[in-house]
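Undergrad: To get the numbering used here, take the position in the sequence shown, counting from 1, and add 38. Note that beta-carbon positions come from the ideal geometry of N, C-alpha and C, so glycine has one too. Keep in mind that this is a model prediction, so the values were computed, not measured. This is the structure I want to talk about, given as C-alpha cells.
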Amino acid sequence: MESTIGASFMTKTITLDNKTFKYQIWDTAGQEKYRALAPMYYRGAAAAIVVYDITRESSFASVKSWLSELRKNGSTNTIVALAGNKCDLEDLREVQHRDALRYAERHGAMLVETSAKTAANIAALFMEISRKLSSVDDVASNPSLMAIRLHQQVEPEEHRKKCC
Numbered sequence: 039m040e041s042t043i044g045a046s047f048m049t050k051t052i053t054l055d056n057k058t059f060k061y062q063i064w065d066t067a068g069q070e071k072y073r074a075l076a077p078m079y080y081r082g083a084a085a086a087i088v089v090y091d092i093t094r095e096s097s098f099a100s101v102k103s104w105l106s107e108l109r110k111n112g113s114t115n116t117i118v119a120l121a122g123n124k125c126d127l128e129d130l131r132e133v134q135h136r137d138a139l140r141y142a143e144r145h146g147a148m149l150v151e152t153s154a155k156t157a158a159n160i161a162a163l164f165m166e167i168s169r170k171l172s173s174v175d176d177v178a179s180n181p182s183l184m185a186i187r188l189h190q191q192v193e194p195e196e197h198r199k200k201c202c
C-alpha cells in the first residue's frame, strides 16, 4: 500500500466460527496534527491496534504515549494489539522483538510483527483480535454487533448540552 497522507479510513470484515466482525480502521499514520481527533476514533472501540516501525526506536517510544492516551480515553476492556511493522526489513531492525514482547505483556496487549509491504501477518493479526473479541460476552451473545462499537455508551438526555 501507499503511505498514508492525511487520515485514511477502510473497513474489513472477518467471519470466524459463524460470527461476523466488521472493523472500521482509521489510520492517521501517527501524525501530530490528527492527534486531537484520535479519541473520536477509538472512543467505544472494542479493539485498537497501535503500530510502530521496528526499524525506528523512536516510533516504539511513542507507543507509550498512545497506549496511555488509549487507556485514559478508551474503554477499559478494549483489546489492544501492538503491531511492529516493517518486519520485512529485519536487517534494519532497531526494536528487538523480545523487548516489544515484554512491553506488550506488561501492558496487557498482544504483539504481532507485520509488514504492510508484503502483507505478512496482517490477516493473522485480525484473526487473533477476532478470536479475543469472540470470547467477550457481548459479541458471543450477539455476533451481529459491529466490533468497533461494542461498548459505546449513550449519554443520558439530561446531561447533553442544549443548543441555543
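How many angstroms separate the CA atom of THR116 from the CA atom of ALA86?
TA: Rounded to the nearest angstrom, the two C-alpha atoms are 7 Å apart.
Undergrad: Locate the beta strand (DSSP E) running through LYS60, then write down its first and last residues.
TA: 57–65
Undergrad: Please classify ALA138: does DSSP put it in a helix, a strand, or coil?
TA: Residue state, collapsed to three classes: helix.
Undergrad: Nearest by alpha-carbon distance to VAL88: which of GLY82, SER96, THR49, TRP104 is it?
TA: TRP104
Undergrad: I want to know whether the segment 50–66 touches the segment 142–157 - three or more CB-CB distances under 8 Å.
TA: no
Undergrad: Tell me where the alpha helix (DSSP H) around SER172 begins and ends.
TA: 160–172
Undergrad: Between which two residues does the alpha helix (DSSP H) holding ALA99 run?
TA: 95–111
Undergrad: Between the segment 151–169 and the segment 108–124, can you find at least three pairs of beta-carbon atoms closer than 8 Å?
TA: yes
Undergrad: Helix, strand or coil: which one does DSSP assign to GLU151?
TA: strand
Undergrad: Who does ILE87 pair with in a DSSP beta bridge?
TA: ALA119
Undergrad: Could you give the distance in angstroms between the alpha-carbon of PRO181 and the alpha-carbon of SER172?
TA: In this predicted model, PRO181 has a pLDDT of only 42, less than 50, meaning its place in the structure is not dependable; the value taken from the coordinates is given anyway. So the alpha carbons of these two residues sit roughly 8 Å apart.
Undergrad: Nearest to ALA83 by CA position, among LEU108, SER97, GLU95, is which residue?
TA: LEU108
Undergrad: On the DSSP bridge list, what partners appear for ILE52?
TA: Answer is PHE59.
Undergrad: By the 10 Å Cβ neighbour count, where 16 or more other Cβ atoms means buried, how is LEU120 classified, buried or exposed?
TA: buried
Undergrad: Thinking just about the alpha-carbon of each residue, which of HIS135, ILE167, ALA162 is nearest to the one in ILE92?
TA: For ILE92, the nearest C-alpha among the options comes from HIS135.
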